[in-house]
Amino acid sequence: AAPLEVVGLNLLEPRGLDRLLGEKIFNLLGITRVYTKEPGRKPRKEPIVCRRGVTVGELAKMIHNDFYRNFKYARIWGPAAKFDNEKVGMDRELLDGTIVQIHT
Numbered sequence: 486a487a488p489l490e491v492v493g494l495n496l497l498e499p500r501g502l503d504r505l506l507g508e509k510i511f512n513l514l515g516i517t518r519v520y521t522k523e524p525g526r527k528p529r530k531e532p533i534v535c536r537r538g539v540t541v542g543e544l545a546k547m548i549h550n551d552f553y554r555n556f557k558y559a560r561i562w563g564p565a566a567k568f569d570n571e572k573v574g575m576d577r578e579l580l581d582g583t584i585v586q587i588h589t
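First residue of the sequence shown? That's 486 in my numbering, and the numbers climb one at a time after it.
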């Protein structure tokens with residue numbers, strides 16, 4: 486059996502409790518939230534929920550096969566990027582909270 490993870494909470498000071506619990510639950514379930522962005526627009530507010538370890542190519546295929554077949558490159562921002570607006574290929578692994586713009 487996997488070891489249990491203990492999370493200390495102060496219910497008298499609940500600020501940030503929802504964020505902390507949300508992050509812990511997503512981490513325990515192995516879930517990654519990825520936000521898509523169209524050129525010249527802000528990122529979408531609703532994430533695409535994927536398994537941990539998802540790559541840009543897998544995300545492209547999840548969105549639509551045409552994005553995968555016609556993929557040229559992607560630009561990413563956030564945790565998976567070495568720097569904002571980094572140009573990456575299909576094998577870049579995405580981390581929770583990454584913003585992705587796919588170019589075809």
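Don't be surprised by glycine CBs; every beta carbon is placed ideally from N, CA and C.
Because the structure is a prediction, the values reported are computed rather than measured.
Assumed close pair residue i, residue j - CB separation to whole angstroms, cut-off 8 Å
i, j, result
"I584", "I561", "7 Å"
"A559", "L580", "About 14 Å; that fails the 8 Å criterion."
"G515", "R536", "6 Å"
Beta-carbon proximity of residue i to residue j, cut-off 8 Å
i, j, result
"K557", "H588", "yes"
For residue i, the residue or residues it bridges with in DSSP
i, result
"T540", "E578"
Distance, residue j Cα to residue i Cα
i, j, result
"I510", "I533", "16 Å"
"Q586", "D576", "14 Å"
"P499", "E490", "20 Å"
"V541", "E531", "18 Å"
Minimum Cβ-Cβ distance from residue i to chain D less than 8 Å
i, result
"P524", "Chain labels in this structure do not include chain D; a single protein chain is all it has."
Practice prompt. Take every Cβ of the stretch 503-513, pair it with every Cβ of the stretch 563-579, and state whether three or more of those distances are shorter than 8 Å.
Written response: no
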